[in-house]
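Chemist: Got a structure for you, written out below as structure tokens; questions coming shortly.
Protein chains: 2
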Amino acid sequence: MTFDAIDRELLKLLQNDSKQTNKALSLQLNLSVTAVYERIKKLEKSGIVKQYVALVDKSKVKKDFVAFCHIKLVQHSQDYVVKFEREVNQLHEVLECYHLSGDYDYLLKVLVKDMKAFREFMVEKLTKIDHIGSTHSMFMINEVKHTTAITL
Amino acid sequence: MTFDAIDRELLKLLQNDSKQTNKALSLQLNLSVTAVYERIKKLEKSGIVKQYVALVDKSKVKKDFVAFCHIKLVQHSQDYVVKFEREVNQLHEVLECYHLSGDYDYLLKVLVKDMKAFREFMVEKLTKIDHIGSTHSMFMINEVKHTTAITL
DNA sequence: CATGAAATTTTCTCCAT
DNA sequence: ATGGAGAAAATTTCATG
Numbered sequence: 001m002t003f004d005a006i007d008r009e010l011l012k013l014l015q016n017d018s019k020q021t022n023k024a025l026s027l028q029l030n031l032s033v034t035a036v037y038e039r040i041k042k043l044e045k046s047g048i049v050k051q052y053v054a055l056v057d058k059s060k061v062k063k064d065f066v067a068f069c070h071i072k073l074v075q076h077s078q079d080y081v082v083k084f085e086r087e088v089n090q091l092h093e094v095l096e097c098y099h100l101s102g103d104y105d106y107l108l109k110v111l112v113k114d115m116k117a118f119r120e121f122m123v124e125k126l127t128k129i130d131h132i133g134s135t136h137s138m139f140m141i142n143e144v145k146h147t148t149a150i151t152l
Numbered sequence: 001m002t003f004d005a006i007d008r009e010l011l012k013l014l015q016n017d018s019k020q021t022n023k024a025l026s027l028q029l030n031l032s033v034t035a036v037y038e039r040i041k042k043l044e045k046s047g048i049v050k051q052y053v054a055l056v057d058k059s060k061v062k063k064d065f066v067a068f069c070h071i072k073l074v075q076h077s078q079d080y081v082v083k084f085e086r087e088v089n090q091l092h093e094v095l096e097c098y099h100l101s102g103d104y105d106y107l108l109k110v111l112v113k114d115m116k117a118f119r120e121f122m123v124e125k126l127t128k129i130d131h132i133g134s135t136h137s138m139f140m141i142n143e144v145k146h147t148t149a150i151t152l
């Protein structure tokens, strides 16, 4: 599917505030409400807009201890990789998990309440997963920037 | 502010799909539409729900080259840190930036179109920032998991 | 893509617990 | 204070040109 400059501007607005009314959007884009409505539907149908979510302030809910864990697997056979990835997907503490180049390695972003909870997560959950070779964790001191908005 | 089990369930639903109508939410929570409405307003007022956003599918817009850059500053004086953080905030390619423990170090998540664009980003933008000592980049092979939803 | 009408949803008021 | 029912206001959605 193709998207033009107006779609790009529309996506920018929606990525920043998806609760704006189509009327508000139409004013910013100099379009009619219907035109905005149809463009949004097109972006949703095509899958470019994949989800609408509410973002929760971590610190307001007392859950702002963030750790990054580098993980190496003992072996990298298809089986182990698939199994590891499936198990990681089920851990709610893991917000992000990336398979990285370099050392056939994973990077996990883990969110818990505090250091104690992190220790428990490591002992009770992460290291219970088979085939993990080594881990190396770093802790967040400060979140300098965090956006979900992609510039197009 | 306090939030109970119903608020927690409501946050779970909103973090997954913020476009549900209050009626749909009321059915899932066994509440009236008004009760849902008031709870949502309370969560917004208190800042627990800080933003509503549309999530864009990176691969659908041909922008799915993700790099993680570890950065060390030459010095760690207040001035340098503040300046570095301000500049990073203005780079649209940087989606996330964390100040980490350990080596007085930063971790950046960078999103660009492809390796060529990443090279340009490094040469033209990142290394143009003063006081950067060393950088180390890793590239994403696969996004195993990525959620914005916090479990409460 | 715009206009205008219909359907749905949000939002408010009032009342009960 | 908290939540429910229903009316009013606003918005989304659709038909037509």
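Protein chains in written order, with the UniProt record's numbering: chain A, 1 to 152; chain B, 1 to 152.
For each residue, glycine too, the CB sits at the ideal point set by N, CA and C.
Predicted model, so just to flag it, every value in this text is computed and none were measured.
(1) Tell me whether Ile40/B sits in a helix, a strand or coil according to DSSP, three-state version.
(2) As an exercise, report each continuous beta strand (DSSP E) stretch of at least 3 residues that is fully enclosed by the segment 73-112 of chain A, in chain order.
(3) When you check each C-beta in the segment 64-93 of chain B against every C-beta of chain A, which residues fall closer than 8 Å?
(4) Taking any Cβ of chain A, which residues in the segment 98-109 of chain B have a Cβ under 8 Å from it, in chain order?
(5) Does the segment 51-64 of chain A come within contact of the segment 51-63 of chain B, defined as at least 3 CB pairs closer than 8 Å?
(6) Could you pull out every residue in the same chain whose Cβ sits closer than 6 Å to the Cβ of Thr135/A, ignoring the five residues on either side in sequence?
(7) Quick check: what's the CA-CA separation for Val61/A versus Met1/B?
(8) Give me the chain B residues within the contact set of Leu25/A, using Cβ-Cβ distance strictly less than 7 Å, ordered along the chain.
(9) When DSSP labels each residue in this structure, what does Lys145/B get in the three-state scheme?
(10) Enumerate, from N- to C-terminal direction, the unbroken alpha helix (DSSP H) stretches of 4 or more residues contained entirely within the UniProt domain "HTH asnC-type" (3-66) of chain B.
(11) Can you tell me whether DSSP reads residue 209/B as helix, strand or coil?
(12) Nearest to Leu11/B by CA position, among Gln75/B, Glu44/B, Ser59/B and Leu27/B, is which residue?
(13) Show which residues of chain A have a CB atom less than 8 Å away from the CB atom of Met122/B.
(14) Listed in chain order, which residues of the segment 27-56 of chain A have Cβ atoms closer than 8 Å to some Cβ of chain B?
(15) Going by beta-carbon coordinates alone, are Phe84/B and Asp114/B separated by less than 8 Å?
(16) Could you name the residues of chain B that His131/A contacts, counting a contact when the two beta carbons are closer than 9 Å?
(17) By a C-beta neighbour count over all protein chains shown, 10 Å radius and 16 as the cutoff for buried, is Leu100/B buried or exposed?
(18) How is Thr135/B classed by DSSP in three states: helix, strand or coil?
(19) How would you label Gln15/B, buried or exposed, when you count the other beta carbons within 10 angstroms and need 16 or more for buried?
(20) I'd like the list of long-range same chain contacts for Leu13/A, defined as Cβ closer than 7 Å, with 5 residues on each side in sequence excluded.
(21) Which residues does DSSP list as the beta-bridge partners of Ile71/A?
(22) Since Leu108/B and Val94/B should fall inside the 8 Å C-beta cutoff, what is the C-beta to C-beta distance between them, to a whole number of angstroms?
Modeler: Reading from the atomic positions:
(1) helix
(2) With a minimum length of 3 residues, the continuous beta strand (DSSP E) runs that stay inside the segment 73-112 of chain A are 94-100 and 105-112.
(3) Val66, Phe68, Glu85, Val88, Asn89, His92 and Glu93
(4) Tyr98, His99, Leu100, Ser101, Gly102, Asp105, Tyr106 and Leu107
(5) yes
(6) Cys69 and Ile71
(7) 9 Å
(8) Simply none; closest approach about 11 Å.
(9) strand
(10) 5-16, 22-29 and 33-45
(11) Residue 209/B is absent from the structure shown; chain B starts at 1 and stops at 152.
(12) Selected option, being the one with the closest Cα: Glu44/B.
(13) In chain order: nothing, as chain A lies at least about 16 Å away.
(14) Ser46, Gly47, Ile48, Val49, Lys50, Gln51, Tyr52, Val53, Ala54, Leu55 and Val56
(15) no
(16) Those do not exist, as His131/A stays about 15 Å from chain B at its closest Cβ, beyond 9 Å.
(17) buried
(18) strand
(19) buried
(20) Cβ neighbours of Leu13/A beyond the five flanking positions: Gln20, Leu25 and Gln28.
(21) Tyr106/A and Thr135/A
(22) 5 Å
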